[in-house]
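Here it is in structure tokens:
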């Protein structure tokens, strides 16, 4: 499913209008999974935030997108997704802290109500919103995110937010994941794109995530997006060479 067929950008001076964005007045999405690769500092994250801004995507932290210049980004839509979400591994740790703080607040409120002089009936009414908060977190994320590993927590968070008929912009998820968990994430994305009518725009360094079958793959080079075969990506070529020559290289 393709909800977002493209974006148009009215360039201006200053951030986020970096050279990559100035050189890209429009970008077209033709497949349900689009993967964008490139070196550190090439502009992938800026582009991901622009797409999220153009789509008015929900995100962990609203400051993660460019609301102050949103009028300069236009989303070209084929259909309206049921939800649009921006994921960033960079913001995930703070998200876990925020979730756990809300859990602890709810637990503290329940203890306070138990210690109060209210009648049993009044206590049950007073507990309802706090118990609901805990039940909601348990239903969406399962185990306590703070007790899971970083990678397990990220996968639980991702699965909790992933719904049918959704548009998802994901920025460098590999920062939170082992190689095995990167594959699990990639497989989950493939399934959601094929079976759940979801669209994904992914910015990544990961050769594993960028290997999702039938994805459109681009590499940022010289401040431009270049359509690239997976095996020709710089990260893939380097790792292939490294595995064959690691002793000599060191």
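Numbering (the UniProt record's numbering), first residue to last: 1 to 250.
All C-beta atoms, glycine included, are put in the ideal place defined by N, C-alpha and C.
Helix, strand or coil at residue i according to DSSP, with G and I counted as helix
| i | result |
| --- | --- |
| residue 115 | helix |
| residue 69 | helix |
| residue 8 | strand |
| residue 166 | strand |
| residue 202 | strand |
| residue 90 | helix |
| residue 121 | helix |
| residue 171 | strand |
| residue 103 | helix |
| residue 77 | strand |
Exposed unless 16 or more other CB atoms sit within 10 angstroms - verdict on residue i
| i | result |
| --- | --- |
| residue 80 | exposed |
| residue 44 | buried |
| residue 173 | buried |
| residue 67 | exposed |
| residue 227 | exposed |
| residue 171 | buried |
| residue 249 | exposed |
| residue 124 | exposed |
| residue 14 | exposed |
| residue 242 | exposed |
Cut-off 6 Å between Cβ atoms - residues of its own chain near residue i, not counting five sequence neighbours on either side
| i | result |
| --- | --- |
| residue 35 | 202, 210, 215, 217 |
Beta-carbon spacing of residue i, residue j below 9 Å
| i | j | result |
| --- | --- | --- |
| residue 30 | residue 5 | yes |
| residue 270 | residue 158 | The chain is shown from 1 up to 250; residue 270 falls before or after that span and cannot be answered. |
| residue 84 | residue 27 | no |
| residue 42 | residue 91 | no |
| residue 199 | residue 32 | yes |
| residue 65 | residue 86 | yes |
| residue 162 | residue 135 | no |
| residue 204 | residue 37 | yes |
| residue 57 | residue 167 | yes |
| residue 197 | residue 232 | no |
| residue 220 | residue 39 | yes |
Beta-carbon contacts of residue i that lie in its chain and below 7 Å, excluding the five residues immediately before and after
| i | result |
| --- | --- |
| residue 239 | 207 |
| residue 133 | 102, 106 |
| residue 11 | 17, 21, 22, 25 |
| residue 109 | 130 |
| residue 236 | 207, 230 |
| residue 212 | 33, 35, 186, 189, 190 |
| residue 78 | 2, 3, 5 |
Beta-carbon proximity list for residue i, same chain, < 8 Å, skipping 5 on both sides
| i | result |
| --- | --- |
| residue 178 | 151 |
Beta carbon proximity, residue i to chain D, threshold 9 Å
| i | result |
| --- | --- |
| residue 80 | Structure shown: chain D not included; a single protein chain is present. |
Cβ-heavy atom distance, residue i to the ligand MG, below 8 Å
| i | result |
| --- | --- |
| residue 104 | For the ligand MG, the structure offers nothing, since it holds no ligand at all. |
Review point. Can at least three beta-carbon pairs, one atom from the segment 65-76 and one from the segment 38-52, be found at a separation below 8 Å?
Key: yes
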